[in-house]
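Using this note's numbering, the letters of the sequence shown correspond one by one to residues 18 to 396. Every residue, glycine too, gets a C-beta built ideally from N, C-alpha and C. Inspection log for the structure reproduced underneath, given as structure tokens.
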Amino acid sequence: MKTPVTVPTPVVARNALVLIAVVVTAAALVWLSDILTPLAMAIFLMIVIDGVKRSIEERTPLPHRWAGIAALTVVVLLFAGSIAIIVYGASGFFGEASGVATHIGPRIDQILRDGSALLRIQNPPTLQDLVNGIDIRGYLTTVALQAQGVVSGAFFVLVYLGFLLASQGGFRRKLVAMFPEKLQRAEAMEVFQRVRGGVEGYIWVQSVTGAIICVFAWILMKVVGLQNAEFWTFVIFIVGFIPVLGGAIGGLAPPLFALVQFPTYWQAIVLLIGLQAVLFIVGNMIQPRMQGDNQNIDPVAVLLSLALFGKMWGVVGMFLSTPLAVMAMAILAEFKGSMWMAVLLSGDGAPYADEAEKHAAAAATRASKRRVKPPQETA
18 MKTPVTVPTP VVARNALVLI AVVVTAAALV WLSDILTPLA MAIFLMIVID GVKRSIEERT
78 PLPHRWAGIA ALTVVVLLFA GSIAIIVYGA SGFFGEASGV ATHIGPRIDQ ILRDGSALLR
138 IQNPPTLQDL VNGIDIRGYL TTVALQAQGV VSGAFFVLVY LGFLLASQGG FRRKLVAMFP
198 EKLQRAEAME VFQRVRGGVE GYIWVQSVTG AIICVFAWIL MKVVGLQNAE FWTFVIFIVG
258 FIPVLGGAIG GLAPPLFALV QFPTYWQAIV LLIGLQAVLF IVGNMIQPRM QGDNQNIDPV
318 AVLLSLALFG KMWGVVGMFL STPLAVMAMA ILAEFKGSMW MAVLLSGDGA PYADEAEKHA
378 AAAATRASKR RVKPPQETA
């Protein structure tokens with residue numbers, strides 16, 4: 018009989034405390050989701066503003082203060098414009114201008130008849146048969162409340178962002194007070210640099226690849242004559258920041274709308290094949306080369322993070338799931354008790370291996386300097 022592996026009691030207790038802390042933290046995130054969701058989005062925007070500011074300083078002769086003002090203006094305008102496009106674009110999407118509201122019922126009935134004929138089904142169902150028993154008024158009320166929540170949530174995000182930027186000047190003093198020793202303060206700054214670098218790299222990669230996808234998607238939609246092509250292009254760009262689900266939404270929503278708009282099916286087929294081809298090429302050839310080792314996150318961890326934060330914080334949690342996973346791995350890798358969790362989150366089992374090698378080399382250098390003492394001067 019094989020002897021069971023004996024685990025030291027302190028290790029078991031430490032791991033148990035880590036798991037309990039994770040569960041308690043997740044419960045707090047769910048309970049305080051209404052407060053923490055706009056705060057997390059504001060922190061995300063502040064990191065974006067900091068990255069844009071440093072980019073402006075490197076590429077323009079603007080001083081530090083004016084670069085910060087320019088970065089703040091650009092990011093806030095882009096954020097407000099995105100919310101406006103989503104809200105007003107979605108509200109007018111099913112209006113009379115597009116003709117969808119008047120043709121969606123008969124067109125769906127025609128699609129059901131064609132599909133039933135292809136499958137040799139007698140007495141095909143109609144749209145009225147499918148929606149019987151469904152509380153459409155309740156769904157519309159829920160959608161309206163969610164749209165209202167997006168607007169109010171955006172307002173609170175901007176309020177949080179203003180207060181965060183106002184208190185940014187005292188961050189360094191707070192850091193010194195929290196970590197009086199220089200070594201601990203340097204380690205804390207390294208963790209912050211890791212988080213910031215990972216988030217900025219993620220934003221850069223997703224923005225560039227999203228722009229590439231949007232260019233080809235817009236051309237395809239214009240070629241087939243899809244209405245609201247600009248709105249769909251913007252939607253594809255935004256949902257591209259949601260891992261896994263973003264590609265599915267961006268690749269399927271325009272073809273489904275094409276089924277309703279056009280009396281024939283070839284437009285939807287062209288959009289489906291073209292969008293899937295673009296998403297496949299960008300997602301499997303261009304995006305991995307751009308990412309490199311910047312996001313050393315396991316794909317399973319990305320999927321679990323998407324499900325977890327999506328369950329806790331909704332769409333905002335899905336949008337921030339990968340940056341939050343990068344942040345969690347950076348923090349967990351700093352402590353011996355939670356290092357195993359960072360290893361599980363990492364893609365290659367070595368979270369931030371280059372930093373570890375750098376620290377080991379620095380420690381070896383310090384040890385060699387201590388061993389080699391300078392010769393003492395004789396009186």
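Assigned secondary structure, I314 (DSSP; H/G/I helix, E/B strand, else coil): strand
Secondary structure of S363, DSSP reduced to three states: strand
Inter-residue spacing [alpha-carbon to alpha-carbon] between A373 and L62: Low per-residue confidence applies at A373: pLDDT is 49, beneath 50, and the placement is therefore not dependable enough to give any value.
C-alpha distance - R190 paired with A59, whole-angstrom precision: 21 Å
Residue from S363, E198, L341 with nearest C-alpha to R213: L341
A379 versus L200 - alpha carbon distance: For A379, the predicted structure reports a pLDDT of 48, less than 50, and the residue's modelled location is therefore unreliable. The matter cannot be settled from this model.
Terminal residues of the alpha helix (DSSP H) in which G187 lies: Looking at the DSSP string, G187 is not in any alpha helix (DSSP H), and its letter there is neither H nor E.
Buried or exposed by the 16-neighbour rule on C-beta atoms within 10 Å, applied to P271: buried
9 Å Cβ cutoff met for A43 and L325: yes
Helix, strand or coil at V261 [DSSP, three-state]: coil
Span separating the alpha-carbon of A88 from that of G264: 29 Å
Distance between W221 and S338 (C-alpha atoms, nearest Å): 16 Å
Span of the alpha helix (DSSP H) around R76: 50 to 76
Exposure label - V319; buried when at least 16 CB within 10 Å: buried
Where S355 falls: helix, strand or coil (DSSP): coil
Member of F172, A285, T226 whose CA lies at the smallest distance from the CA of P55: F172
Proximity below 9 Å, CB of L175 to CB of A97: yes
Continuous alpha helix (DSSP H) stretch holding Q346: start and end: Here the sequence assigns Met to residue 346, which means Gln is not the residue at that position. That run of the alpha helix (DSSP H) goes 338 to 349.
Rounded separation between A228 and V299 - CA only: 11 Å
Top-ranked residue by Cα proximity to V208, from G170, T250, P368: P368
Three-state class that DSSP yields for Y219 in the structure shown: helix
Continuous alpha helix (DSSP H) stretch holding I298: start and end: 283 to 298
Residue closest to F248, alpha-carbon to alpha-carbon, out of P260, F274, M356: F274
Unbroken alpha helix (DSSP H) run spanning E247, endpoints: 246 to 256
Environment of E75 [buried if 16+ CB atoms lie within 10 Å]: exposed
Pick from N313, I66, G170, V65 that is closest to A101, judged by C-alpha positions: G170
Where F326 sits in the DSSP three-state scheme: helix
Beta-carbon proximity check, Y219 vs V343, cutoff 9 Å: yes
The region 273 to 288 contacting the region 237 to 245, beta-carbon criterion three pairs below 8 Å: yes
I66, buried or exposed, once every other Cβ within 10 Å from all chains shown has been counted against 16: buried
Through-space distance from V104 to V216, alpha-carbon basis: 26 Å
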